[in-house]
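Visitor: Numbering (the numbering used here), first residue to last: 798 to 1059. Below you will find the structure I want to go over with you.
See the structure below:
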């Protein structure tokens, strides 16, 4: 029986008619899968399933999602983020054009949401911390962790203290939809459409207080620190303490980004 797959025209254009047709008749498509949006099991024999193609500069990965979660589409993501996410997106199964020489422990970006108090006002914030050292694309990592330097080159500013709202980083934005965090967007190449700098594998739930503050200000503060500088903090007061320490140690950069969505 043909699988209940949806293949959008954009996805078909990327993977080609022959591959799209093979998928639609049941070849090269798993019966069971983990939805790339909600991360719960799905079955393309029993329910409508979307094909979602994640595309980086050199790597493309075909994933599957419940059609009720997201439609079939092409999602542009940063190459270094896609390389790190390949295994979790595909479950080590077949990808379209998947790189065959991925490093075994590629660092990925972790994001924590919270409210931070600056000048007696609560601001919605995201804290970005990689799981390991970040090397400049195209290098072997011998120069050490260049995460902060790369962000400074993108327009982030050093944050030596947590007592000032950072400057707006134009062209970047935070994508929130249906009350959940979907992506941090950066300007596309050559002034094109924005692309995902960070993309949630499954949309992240934020608190009602965070969402209310974000909708009020239409701005989200983004703080970033190298691996190990912040750590997993179970409470917002502990997160703030960790941010203060990272700032004092010169390990924090920041930017304000407009909110896209609700």
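Even for Gly, the Cβ is constructed at its ideal location relative to N, Cα and C.
1) Whole-angstrom Cβ separation of residue 808 and residue 873, contact assumed at under 8 Å?
2) Where does residue 852 land, buried or exposed, given buried means 16+ other C-beta within 10 angstroms?
3) Rounding to the nearest angstrom, what Cα-Cα distance links residue 939 and residue 949 in this structure?
4) Residues in its own chain within less than 6 Å of residue 1052 by CB, not counting five upstream and five downstream?
5) Taking residue 850 as the reference, give the member of 829, 818 and 805 with the closest Cα.
6) Could you give the distance in angstroms between the alpha-carbon of residue 974 and the alpha-carbon of residue 959?
7) Is residue 810 buried or exposed, if buried means 16 or more other CB atoms sit within 10 Å of its CB?
8) Hey, could you find the ends of the alpha helix (DSSP H) residue 851 is sitting in?
9) Should residue 1046 be labelled buried (16 or more other beta-carbon atoms within 10 Å of its own) or exposed?
10) Please say whether residue 1039 and residue 1030 have beta carbons closer to each other than 9 Å?
11) To the nearest angstrom, how far is it from the Cα of residue 989 to the Cα of residue 1026?
12) Which stretch, first to last residue, makes up the alpha helix (DSSP H) that contains residue 992?
13) What is the C-beta distance between residue 928 and residue 907, in whole angstroms, given that I count them as a contact (C-beta under 8 Å)?
14) Could you tell me the distance, in whole angstroms, from the CA atom of residue 1012 to the CA atom of residue 867?
15) So the candidates are 1015, 1004, 943 and 833; which of them puts its Cα closest to the Cα of residue 1032?
16) Can you tell me the Cα-Cα spacing of residue 823 and residue 977, whole angstroms?
17) Using a Cβ-Cβ cutoff of less than 8 Å, which residues in the same chain neighbour residue 985 once the five nearest sequence positions on both sides are dropped?
Guide: Let's see:
1) Not a contact, Cβ separation roughly 13 Å.
2) Residue 852 should be labelled buried.
3) When rounded, the distance between both Cα atoms is 20 Å.
4) Exclusion of the five residues before and after residue 1052 leaves 953, 963, 966 and 1019 as the residues of its chain whose Cβ lies within less than 6 Å of its Cβ.
5) Taking residue 850 as reference, the option from 829, 818 and 805 with the minimal CA-CA separation is 805.
6) Straight-line spacing of the CA atoms in residue 974 and residue 959 works out to 28 Å.
7) Residue 810 comes out exposed.
8) No alpha helix (DSSP H) holds residue 851; the beta strand (DSSP E) holding it covers 846-852.
9) Around the beta carbon of residue 1046, fewer than 16 other beta carbons lie within 10 angstroms, which makes this residue exposed.
10) Going by beta carbons, residue 1030 and residue 1039 fall inside the 9 Å limit.
11) Distance from the CA of residue 989 to the CA of residue 1026, rounded to the nearest whole angstrom, comes to 34 Å.
12) Note, residue 992: premise wrong, no alpha helix (DSSP H); beta strand (DSSP E) at 992-1002.
13) Right, the Cβ-Cβ distance comes to about 6 Å (below 8 Å), so this counts as a contact.
14) Between the alpha carbons of residue 1012 and residue 867 lies a distance of about 23 Å.
15) The shortest Cα separation from residue 1032 among 1015, 1004, 943 and 833 belongs to 1004.
16) So the alpha carbons of these two residues sit roughly 33 Å apart.
17) For residue 985, same chain residues with a beta-carbon under 8 Å away, outside a window of 5 residues either side, are 873, 991 and 992 in chain order.
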